[in-house]
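Just below is one structure, and these are the notes that go with it.
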Amino acid sequence: MTDKRREKLLPVARWPTLSEASSARWFQPVKLGPVTAATRTWVPAMVPWRSNEAGECTPEVIAWYQRFARGRPGVLVVEATGIRDVPSGPLLRAGDDRFVEGLSRLVDAVKRASGGETKLFIQLIDFLPIKRRPARNAFISRFLTLTPALRALRPELDDAALRAHLESLDDDVLATLLPARELEALRFGLRERVTDTHLPHIAALPQVLPGLFASAAARCVRAGFDGVELHFAHAYTMASFLSALNTRTDGYGGDRAARARLPLEVFAATRAAVPPGFAVGCRFLADEIIEGGNRPDDAAFFGVEFARAGMDFLSLSRGGKFEDAKQPKVGASAYPYTGPSGHECMPTTKLPTPWGRNVDAVAEVKRAVKAAGLETPVVVCGGIATLDQAEAVLARGDADVVASARQSLADPDWLLKLRLGRGEEIRRCLFTNYCEGLDQSHQVVTCHLWDRLKGLPDDETAPRTADRRRLLAPEWSAEMTRAAPSK
Ligand SMILES: Cc1cc2nc3c(=O)[nH]c(=O)nc-3n(C[C@H](O)[C@H](O)[C@H](O)COP(=O)(O)O)c2cc1C
Ligand code: SF4
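Numbering (my numbering), first residue to last: 1185 to 1671.
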């Protein structure tokens, strides 16, 4: 599909005048516990793959957030950042004191670039090991556990001969013989789950995680952040504790209250480790989308529990799970945004209506929190890219804050353009998920629209990726220079 056709699919935008913008609900302040954001706009966490193997806050990471800060969102959330000090590829880390210095440079840069207006939160994440999909022969000859049932197939064979025999079988036959987890490991790569309590490090998660999240949050305080967002969403450890698929029998799985126990303990430990002026909230799923997973009524239950415990904000997303992810190629890892739940998480114009798809489920959470007598602000996102969409959400009271990820990526100045009554200058996200495809392969994330603009004054000097993509969105002023009629 051409970009022109994609543009036609976007929600109709009636850009506000300056005075309409100044009275818009979206641009009014909101209290997030001890922190007041100047507007109800929010750029949610997006991993741009600009850190390095050491998990450091590189100059590229800083430049990325500085660029968003110039558009002055009410809140900017730094990407999912690891709470452990373990090699995690180029994922940003907060798992040791040595990361504080780099993170504080990031905070300073954002504060300067937004004139002190944008509140800066950071998303803290834990995740479980996942292996790449193995080659069939390598898996059977080296990794497959020879269970008594497999040995019983050909008791006369020694291990090597049995493995050779299994290798010779058709895929369909092999599939009937392997235990479900072994078959999954063969087809998708081995993925640990919170229910693997036979593994000591998985059994110990409830003892270990509160301290890890709390220490990472304390480092973020020292770095100067305004708050942390505990990542309880998508395919990661804490979301798996909340999931209806969590059947742990140690008091941290089973019914909803038991599934919420560890997230609440993580929150309590984090709260205890930070000063009163620091915001602590979480991101969790309004709907897991997958079979047997949490639905909006589960999310409403969790929302009330989190609000009652004193969280300062509840940011909601939907989907993004491993359970329905596409089978990866041999040598690649499964990616939780490739199946139906992933498509809900980051909807594209391939869906008939990618706009505001999370709103109904999030509104259910908001209503439950309100009915419990709690005012905790609720953040919604997902296919929201015009002022009218955001205003409708806020007017109905479906949420208190409206977040925009990809539209802010396509044009980090767009919120400022809206506020200045210059909406027609917005570079509109086409919801293609080119950026998400880069994220999927852990490549430096950029927007394809940035490279469609030619003849900008910085064409020669703009920082670029090795394959010549712009690393940052073009400057608004540079685009205006280009648009000005030549004499
Ligand atoms: C490149 C990219 C990276 C993302 N990384 C994260 C992340 O680190 N943590 C997170 O909670 N969501 C992440 N998301 C999801 C977004 O925060 C957001 O929920 C999603 O894009 C839907 O919102 P939108 O329609 O406004 O883009 C990412 C999205 C994109 C496009
Ligand atoms: S690359 Fe991402 S941000 Fe850019 S237009 Fe496509 S979906 Fe939007």
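Each residue gets a CB set at the ideal place from its N, CA and C atoms; glycine is no exception. As the structure is a prediction and not an experimental result, all values here were calculated from the model.
First through last residue of the alpha helix (DSSP H) which encompasses residue i
i, result
"ASP1623", "1618 to 1624"
"VAL1549", "1543 to 1555"
"ALA1229", "Careful: ALA1229 lies outside any alpha helix (DSSP H) and carries neither H nor E."
"GLY1286", "1284 to 1297"
"VAL1577", "1571 to 1580"
"ASP1187", "1187 to 1193"
"PHE1451", "1440 to 1457"
"GLY1526", "1524 to 1529"
"GLU1351", "1343 to 1352"
"PHE1615", "Segment: none, PHE1615 is in no alpha helix (DSSP H) and carries neither H nor E."
"LEU1334", "1332 to 1337"
"SER1427", "Note, SER1427: premise wrong, no alpha helix (DSSP H); not H, not E."
"LEU1202", "1202 to 1207"
Boundaries of the beta strand (DSSP E) in which residue i is found, first to last residue
i, result
"THR1360", "No beta strand (DSSP E) contains THR1360, which is instead part of the alpha helix (DSSP H) from 1355 to 1361."
"LEU1498", "1498 to 1502"
"LYS1215", "1214 to 1216"
"HIS1385", "Run containing HIS1385: none in the beta strand (DSSP E); it sits in the alpha helix (DSSP H), 1384 to 1387."
"ALA1221", "1219 to 1221"
"THR1433", "No beta strand (DSSP E) holds THR1433; DSSP gives it neither H nor E."
"TRP1598", "TRP1598 -> not in any beta strand (DSSP E); alpha helix (DSSP H) instead, spanning 1598 to 1603."
"VAL1562", "1562 to 1564"
Residues that DSSP places opposite residue i in a beta bridge
i, result
"ILE1309", "GLY1266"
"ASP1471", "ARG1502"
"ILE1246", "In DSSP, ILE1246 forms no bridge with anything."
"GLU1413", "GLN1307 and GLY1465"
"LEU1260", "VAL1227 and LEU1304"
"ALA1484", "Beta-bridge pairing links ALA1484 to no other residue."
"ILE1314", "ARG1375"
"VAL1586", "THR1225 and VAL1564"
"ARG1277", "GLY1266"
"ARG1648", "ARG1654"
Residue i versus residue j - alpha carbon distance
i, j, result
"ASP1481", "ARG1636", "44 Å"
"ALA1407", "LEU1328", "46 Å"
"ARG1335", "PHE1451", "47 Å"
"THR1225", "LEU1362", "50 Å"
"ARG1403", "THR1265", "12 Å"
"LEU1290", "LYS1510", "35 Å"
"GLU1472", "ASP1355", "31 Å"
"LEU1469", "MET1530", "13 Å"
"LEU1640", "THR1630", "17 Å"
"SER1424", "GLY1438", "12 Å"
"ALA1345", "ILE1324", "11 Å"
"SER1399", "VAL1196", "46 Å"
"GLY1373", "PRO1232", "24 Å"
"LEU1337", "LEU1358", "12 Å"
"ALA1579", "GLN1307", "28 Å"
"GLY1279", "PRO1200", "44 Å"
"GLY1217", "ILE1314", "36 Å"
"ALA1491", "LEU1202", "36 Å"
"LEU1341", "ALA1453", "54 Å"
"LYS1671", "MET1664", "Confidence is the limiting factor: at LYS1671 the pLDDT is only 36, short of 50, which leaves the residue's position unreliable, though a coordinate-based value still follows. Using only the alpha carbons, I get a separation of about 15 Å."
"ASN1478", "SER1427", "6 Å"
"ALA1657", "GLY1487", "36 Å"
"ARG1198", "PRO1257", "20 Å"
"VAL1716", "PRO1536", "Residue 1716 lies beyond the stretch modelled for the chain, which goes from 1185 to 1671, so this question has no answer here."
"GLY1567", "LEU1350", "47 Å"
"THR1431", "GLY1299", "48 Å"
"LEU1602", "PRO1390", "45 Å"
"LYS1638", "GLU1644", "11 Å"
"HIS1415", "GLY1461", "20 Å"
"PRO1318", "LEU1500", "34 Å"
"TYR1436", "ARG1316", "28 Å"
"THR1421", "THR1616", "29 Å"
"LEU1194", "LEU1614", "7 Å"
"TRP1634", "ARG1467", "29 Å"
"MET1495", "ALA1322", "47 Å"
Assumed close pair residue i, residue j - CB separation to whole angstroms, cut-off 8 Å
i, j, result
"PHE1485", "ARG1440", "5 Å"
"LEU1655", "VAL1628", "7 Å"
"PHE1506", "ALA1419", "5 Å"
"VAL1245", "ALA1589", "Not really, about 17 Å apart at Cβ, beyond 8 Å."
"LEU1304", "VAL1270", "LEU1304 to VAL1270, Cβ: 25 Å. No contact."
"ALA1444", "GLU1489", "5 Å"
"GLU1575", "TRP1210", "6 Å"
"GLY1503", "GLY1526", "6 Å"
"VAL1563", "ALA1583", "6 Å"
"ARG1606", "ASP1595", "About 12 Å separates the two Cβ atoms, so there is no contact after all."
"VAL1259", "ALA1221", "5 Å"
Practice problem: Please write down, chain order preserved, every residue whose beta carbon lies under 6 Å from a heavy atom of ligand 2. | Solution: ARG1590, LEU1593, ALA1594, CYS1613, LEU1614, PHE1615, THR1616, ASN1617, TYR1618, CYS1619, CYS1631, HIS1632 and LEU1633
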